[in-house]
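Only one structure is covered here, and it is reproduced in the block below.
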DNA sequence: AAATTCATGATAAGAAATTGACAAGCACAT
DNA sequence: ATGTGCTTGTCAATTTCTTATCATGAATTT
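Chains as they are written, first to last, in the numbering used here: chain V, 1 to 206; chain H, 1001 to 1206.
Structure follows, in structure tokens:
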């Protein structure tokens, strides 16, 4: 009776599929197939069909997939048929670049509040928002029912801030710090760790 | 006679091990063990031992690992016993934040040149460097023998710039654009895709 | 209307990664 | 010097992930 959960690794590929479908859509294409998707993504056609099969049959035998329909289904599966409000903690160089980045809003994630603890930064205007004192972090998260946070603070305070975020109701953290966050199992963390990525690639260089 | 290659997924964890070892080192610890490393990283002790075993025996039976020694070995394996010069292409919001980020230099990667194609940005001072015309991209890469590039340009020109980088001798690209780069097999790409990460996490929210 | 073509979705096979278990071997205590 | 305790490194077992195969069913052609 175990409801076979879809593997997380499969979920992680769905955003890639969605992005290619968005491209195809912008190119005016109405249909595609697993082979084409695979070529664009550098994955095998079999894998794409297998991944999609976890959620039901989206294609037509002999004809492939309708771009608009599959796109819509993926958006539904990933819960992207809404705009998710996001809090950004940290208004340093990185935080400011993130606040200005239009890609979040364009893809369903809207930064609705920015926090910092530096009096010099509090009150600063940033991408249409005002940097707020981190003291009000919990109040804003609770009031607006926000579930997603972007963490762009110094590594040494990352865990403490994360704890506060989680206590206030945050369930997903995009972690730009190199700290390994300890979180309860129902809180998701994704690390953005460019240094680790460079180090990974350096292995293959000489 | 096939020299069993170490799986890429293992290589990808080594930077995480290294970071924890750096922490332990800063804390003044001289020894550790697979269990402690596992706890700090959220991995099983068995996995850490297995990963390390790909490169030989670094520990002592009954006693664990010497922090300084294991750290040094990992740095050697990852080719981090040197400073890698890096070119940064794109001096927009993101590029500027990356240029200012001290973490690259602190971990063995030094941005030695920044390029853009916008006349407004060319000549700008940026973290001790001057933004150069992207026309000179190849010349600088070749002259300095650079193998690593950070790509922070608009998505629509990402592939074209990547092609130029590769032709000039770049072998590793840290790709901040959402484009899926097509590269020869001997060129490594690591994508930094925060939107995809948020979408991944959104699946688990309600 | 029947036959052919085509790409899916399901299943099976294969490959890869993780976990478990334990002999090996060093350090420390006796 | 011998014994005990502890953690590694390896091998085997298990689990997970990917790839290959093919019957199925829709669309198009004859």
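Each residue gets a CB set at the ideal place from its N, CA and C atoms; glycine is no exception. These numbers were taken from a predicted model, which means no experiment stands behind them.
Beta-carbon proximity check, residue i vs residue j, cutoff 8 Å
{"i": "residue 173/V", "j": "residue 151/V", "result": "yes"}
{"i": "residue 1015/H", "j": "residue 54/V", "result": "no"}
{"i": "residue 93/V", "j": "residue 1101/H", "result": "yes"}
{"i": "residue 1098/H", "j": "residue 1067/H", "result": "no"}
{"i": "residue 1126/H", "j": "residue 1114/H", "result": "yes"}
{"i": "residue 1190/H", "j": "residue 1170/H", "result": "no"}
{"i": "residue 111/V", "j": "residue 78/V", "result": "no"}
{"i": "residue 1177/H", "j": "residue 1196/H", "result": "no"}
{"i": "residue 65/V", "j": "residue 31/V", "result": "yes"}
{"i": "residue 180/V", "j": "residue 1040/H", "result": "yes"}
Cα-Cα separation between residue i and residue j, rounded to whole angstroms
{"i": "residue 1194/H", "j": "residue 1104/H", "result": "19 Å"}
{"i": "residue 11/V", "j": "residue 21/V", "result": "16 Å"}
{"i": "residue 1056/H", "j": "residue 203/V", "result": "16 Å"}
{"i": "residue 1007/H", "j": "residue 1013/H", "result": "10 Å"}
{"i": "residue 42/V", "j": "residue 158/V", "result": "35 Å"}
{"i": "residue 149/V", "j": "residue 1192/H", "result": "18 Å"}
{"i": "residue 96/V", "j": "residue 162/V", "result": "19 Å"}
{"i": "residue 1059/H", "j": "residue 1165/H", "result": "41 Å"}
{"i": "residue 145/V", "j": "residue 1145/H", "result": "51 Å"}
{"i": "residue 1205/H", "j": "residue 185/V", "result": "13 Å"}
{"i": "residue 182/V", "j": "residue 1027/H", "result": "19 Å"}
{"i": "residue 72/V", "j": "residue 129/V", "result": "31 Å"}
{"i": "residue 1106/H", "j": "residue 106/V", "result": "34 Å"}
{"i": "residue 1153/H", "j": "residue 29/V", "result": "26 Å"}
{"i": "residue 9/V", "j": "residue 1119/H", "result": "43 Å"}
{"i": "residue 1005/H", "j": "residue 160/V", "result": "40 Å"}
Minimum Cβ-Cβ distance from residue i to chain V less than 8 Å
{"i": "residue 1100/H", "result": "yes"}
{"i": "residue 1021/H", "result": "no"}
{"i": "residue 1180/H", "result": "yes"}
{"i": "residue 1040/H", "result": "yes"}
{"i": "residue 1055/H", "result": "no"}
{"i": "residue 1084/H", "result": "yes"}
{"i": "residue 1129/H", "result": "no"}
{"i": "residue 1204/H", "result": "yes"}
{"i": "residue 1207/H", "result": "The structure shown does not extend to residue 1207/H, since chain H spans only 1001 to 1206, so no value can be given for it."}
{"i": "residue 1071/H", "result": "no"}
{"i": "residue 1218/H", "result": "Any answer about residue 1218/H is impossible in this case: the structure gives chain H only from 1001 up to 1206."}
Close-in-space but distant-in-sequence residues of the same chain around residue i (CB under 6 Å, 5 per side omitted)
{"i": "residue 1075/H", "result": "1081"}
{"i": "residue 109/V", "result": "84 and 86"}
{"i": "residue 1034/H", "result": "1045, 1048 and 1049"}
{"i": "residue 18/V", "result": "74"}
{"i": "residue 1187/H", "result": "1166 and 1171"}
{"i": "residue 1063/H", "result": "none"}
Residue-chain proximity (residue i, chain H), Cβ-Cβ < 8 Å
{"i": "residue 15/V", "result": "yes"}
{"i": "residue 153/V", "result": "no"}
{"i": "residue 78/V", "result": "yes"}
{"i": "residue 93/V", "result": "yes"}
{"i": "residue 97/V", "result": "yes"}
{"i": "residue 109/V", "result": "yes"}
{"i": "residue 124/V", "result": "no"}
{"i": "residue 199/V", "result": "yes"}
{"i": "residue 1/V", "result": "In this prediction, residue 1/V has a pLDDT of 40, which is less than 50 and means its spatial position is unreliable; what the coordinates show is noted afterwards. So, not an interface residue."}
{"i": "residue 196/V", "result": "yes"}
{"i": "residue 171/V", "result": "yes"}
{"i": "residue 208/V", "result": "There is no way to answer for residue 208/V, as the model of chain V reaches only from 1 to 206."}
Close-in-space but distant-in-sequence residues of the same chain around residue i (CB under 7 Å, 5 per side omitted)
{"i": "residue 168/V", "result": "137, 138, 141 and 142"}
{"i": "residue 91/V", "result": "114, 116, 121, 124, 126 and 131"}
{"i": "residue 52/V", "result": "58"}
{"i": "residue 37/V", "result": "17, 20 and 48"}
{"i": "residue 70/V", "result": "21 and 58"}
8 Å Cβ shell around residue i - same chain, five flanking residues per side excluded
{"i": "residue 175/V", "result": "151, 158, 162, 181, 189, 190, 191 and 192"}
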